[in-house]
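According to mature numbering (1 follows the signal peptide of the UniProt record, and there is no 0), the sequence shown holds residues -24 to -1, 1 to 357 in order. Beta carbons: idealized from backbone N, C-alpha and C, even for Gly. All values derive from a computational prediction rather than experimental measurement.
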Amino acid sequence: MSFKTKMIPLAGAIAFAFAGSAAAQEMVVKIGHVGPVSGAIAHLGKDNENGAKMAIEELNAKGVTIGGKKVKFELLAEDDAGDPKQGTTVAQKLVDAKVNGVIGHLNSGTTIPASKIYNDAGIPQISPSATAVPYTNQGFKGAFRVVANDGQLGGTLGRYAVQISKAKKIAVIDDKTAYGEGVAKEFMKGAKGKGAEIVVQEHTTDKSNDFAAILTTIKAKQPDLIFFGGMDAVAGPMLRQMKALGVNAKFMGGDGICTADLVKLAGDGIGEGQVVCAEAGGVLDAQKKINEDWKAAYKKKFGVEVQIYAPYVYDAVMTMVEAMKQANSAEPAKYLPALKKIKFKGVTGDISFDDKGDIKDGTLTLYTYKGGKRDLLTVTK
């Protein structure tokens, strides 16, 4: 046997040993994401999930080191279908999978019950879009959100309805979800505080598509404006039926209706400047270029426009990972203190949290719809 043939297996053994050593130094960090990627608002859930995918792919391409170890991030994406029961089921699934953190859920109605499961397991959770006030009022140490809450959103819309839209008589409809009822309640507070009269309050569900009875009752009250607490999948058909029944009123809603798809869902039921809605976040002038560039990259990657909250999901992932880097650990108990104190500049603006886990100095963006697309009105705090 020649010297050369003896060296070949030895070289292979050395290479294998180095590969094994490198693998031993790599750490897998699991990030869970939950949103409704099936059902009536699947377009919103997919938008959120895409934001998470962009963040994870970018982190892995960049190469991140935590506590001296190279990290491979894995996204564990789950579907809650916007249903609270399914939300708790997939929350437990993520806990059982030993995720290092969770981004989600999209809806307040799924976020709130799931948050107890994450809290009991000691896993931090950042919601990119749940706005109901009770979410961060539960006293859970690991519950955060990167958007303004319904107190800010609904109250601002209520004041806008009176001060800018000059509404005096207002009808209110909600979809009986935690989000819909919460934002409607805060809207009424804001509107009544400015002198408006709530002439009628009606309720539907997040699965309804027939509003004839409700709208007939409302039409008799002749309101200047109708506020709807719910999602775009219901608001679209409601606007169509308003037109068919001759209900001539402005239409207002929160972030749930403030989507790119509302125009498609409402069809010719959406009049020029008829609808005003608010995104529970917003980009101030200094951040606009960064945000616009990110949205352009999103469209290039997925072939569609951002619906609404994908950038906030992206920022939520990046904020969580930044806390891990600062703590030199991906263990929830070790990076949670860093997350509480975080100061992070994201594509949606500066992110830091108050004692409850709400974003500090949250902004709101008001939009209307003109020329078949969403049109910016104003960004406010």
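Close-in-space but distant-in-sequence residues of the same chain around residue 421 (CB under 6 angstroms, 5 per side omitted): Any question about residue 421 goes unanswered here, given that the chain covers just -24 to 357.
Per DSSP, what kind of secondary structure is residue 379 in: helix, strand or coil? In this structure the chain extends from -24 to 357, so residue 379 is not present and cannot be described.
From Lys145, Lys165, Met218 and Asp231, pick the residue whose C-alpha is nearest to that of Lys197; which is it? Stepping through the sequence shown from its first residue, residue 197 is reached at position 221. The alpha carbon of Lys197 has as its nearest neighbour, out of Lys145, Lys165, Met218 and Asp231, the alpha carbon of Lys145.
Say yes only if the C-beta of Gly43 is nearer than 7 angstroms to one or more non-hydrogen atoms of the ligand ATP, and no if none qualify. Absent from the structure shown: the ligand ATP. Ligands present: none.
Using DSSP with H/G/I as helix, E/B as strand and the rest coil, what is Val355? Position 379 of the sequence shown, counted from the first residue, corresponds to residue 355. Of the three classes helix, strand and coil, the one that applies to Val355 here is strand, per DSSP.
When the Cβ atoms of the region 86 to 100 are set against those of the region 252 to 270, are three or more pairs found closer than 8 angstroms? No: fewer than three Cβ pairs fall under 8 angstroms.
Under 8 angstroms, do Gly77 and Ile99 count as touching if we go by C-beta distance? On the sequence shown, position 101 is the one that residue 77 refers to. On the sequence shown, position 123 is the one that residue 99 refers to. A Cβ-Cβ contact shorter than 8 angstroms links Gly77 with Ile99.
Where does Lys144 fall in DSSP's three states? The residue given as residue 144 occupies position 168 in the sequence shown. DSSP places Lys144 in coil when its eight states are reduced to three.
Asp257 versus Ala189 - alpha carbon distance: Here the question's residue 257 lines up with position 281 in the sequence shown. Here the question's residue 189 lines up with position 213 in the sequence shown. Looking at the sequence itself, residue 257 is Gly, so the reference to Asp does not match. Between the alpha carbons of Gly257 and Ala189 lies a gap of roughly 34 angstroms.
Quick one: residues in its chain with C-beta nearer than 7 angstroms to the C-beta of Gly249, no 5 flanking neighbours on either side, listed in chain order? For the purposes of this step, residue 249 is taken as the residue at position 273 of the sequence shown. If you ignore the 5 residues before and after Gly249, its C-beta comes within less than 7 angstroms of the C-beta of Thr344 and Lys346, all in its own chain and listed in chain order.
What residues match up with residue 380 in a beta bridge as DSSP calls it? Lying before the first or after the last residue shown, residue 380 is absent from the chain, which here runs from -24 to 357.
Val138 and Asn125 look like a contact to me (Cβ under 8 angstroms); what is the Cβ gap, rounded to whole Å? On the sequence shown, residue 138 is found 162 positions in, with the first residue counted as 1. On the sequence shown, residue 125 is found 149 positions in, with the first residue counted as 1. Contact doesn't hold; Cβ gap of about 21 angstroms is too wide.
Please classify Asn24 as buried or exposed, where buried requires at least 16 neighbouring CB atoms within 10 angstroms. Here residue 24 is taken as the residue at index 48 of the sequence shown, counted from 1. Here Asn24 is buried, its C-beta having at least 16 other C-beta atoms within 10 Å.
What is the DSSP secondary structure of Arg350, reduced to helix, strand or coil? Translated into positions along the sequence shown, residue 350 becomes position 374. In the structure shown, Arg350 sits in a strand (DSSP, three-state: E or B).
Does the region 292 to 309 touch the region 65 to 73, meaning 3 or more C-beta pairs lie closer than 8 angstroms? Contact fails between the region 65 to 73 and the region 292 to 309, because fewer than three Cβ pairs, one in each stretch, are under 8 angstroms apart.
Say whether the region 157 to 176 touches the region 208 to 222, bearing in mind that this needs 3 or more beta-carbon pairs closer than 8 angstroms, one atom from each stretch. With a cut-off of 8 angstroms, the region 208 to 222 and the region 157 to 176 do not count as touching, because too few Cβ pairs lie within range.
In three-state DSSP terms, what is His19? As a working note, residue 19 is residue 43 in the sequence shown. Three-state DSSP puts His19 in a helix.
CB-CB under 8 angstroms to Lys357, same chain, minus the five flanking residues each way: which ones, in chain order? Locating residue 357 in the sequence shown gives position 381, counting from the first residue. Answer for Lys357: Asp337, Gly338, Thr339 and Leu340, listed in chain order.
Express the C-alpha separation of Thr193 and Leu201 in angstroms, rounding to a whole number. Position 225 of the sequence shown holds residue 201. Position 217 of the sequence shown holds residue 193. The straight-line gap separating the alpha-carbon atoms of Leu201 and Thr193 is approximately 14 angstroms.
Contacts around Gly156, its chain only, beta-carbon distance under 6 angstroms, and the 5 residues preceding and following it disregarded: Along the sequence shown, one-based indexing puts residue 156 at 180. Annotation for Gly156: Asp150, Gly205 and Gly206 place their beta carbon closer than 6 angstroms to its own, counting only its chain and skipping 5 residues before and after.
Leaving aside the five residues before and after Val66 along the sequence, list all residues of the same chain whose C-beta is less than 6 angstroms from its C-beta, in chain order. Along the sequence shown, read from residue 1 onward, the residue named residue 66 stands at position 90. Only Val10, Glu54 and Asp56 meet the Cβ criterion.
Contact check, Lys332 vs Thr107, beta carbons under 8 angstroms: Residue 332 sits at position 356 when you count from the first residue of the sequence shown. Residue 107 sits at position 131 when you count from the first residue of the sequence shown. No, the pair does not count as a contact, with Cβ atoms beyond the cut-off.
Please work out which residues of its chain come closer than 7 angstroms, Cβ to Cβ, to Pro60, disregarding the five sequence neighbours upstream and downstream, and give them in chain order. Position 84 of the sequence shown, counted from the start, is the residue given in the question as residue 60. Sequence-distant Cβ neighbours of Pro60 in its own chain, meaning closer than 7 angstroms and more than five residues away, are Gly85, Thr86 and Pro89.
If you draw a straight line from the C-alpha of Ala(-1) to the C-alpha of Phe203, how long is it? Numbered from 1 along the sequence shown, position 24 holds the residue referred to as residue -1. Numbered from 1 along the sequence shown, position 227 holds the residue referred to as residue 203. Here Ala(-1) scores only 49 on pLDDT, less than 50, and its place in the model should not be relied on; the value that follows carries that caveat. Each residue's alpha carbon lies about 57 angstroms from the other.
Host alpha helix (DSSP H) of Asp208 (start-end): Within the sequence shown, the letter at position 232 stands for residue 208. Residues Asp208 to Leu221.
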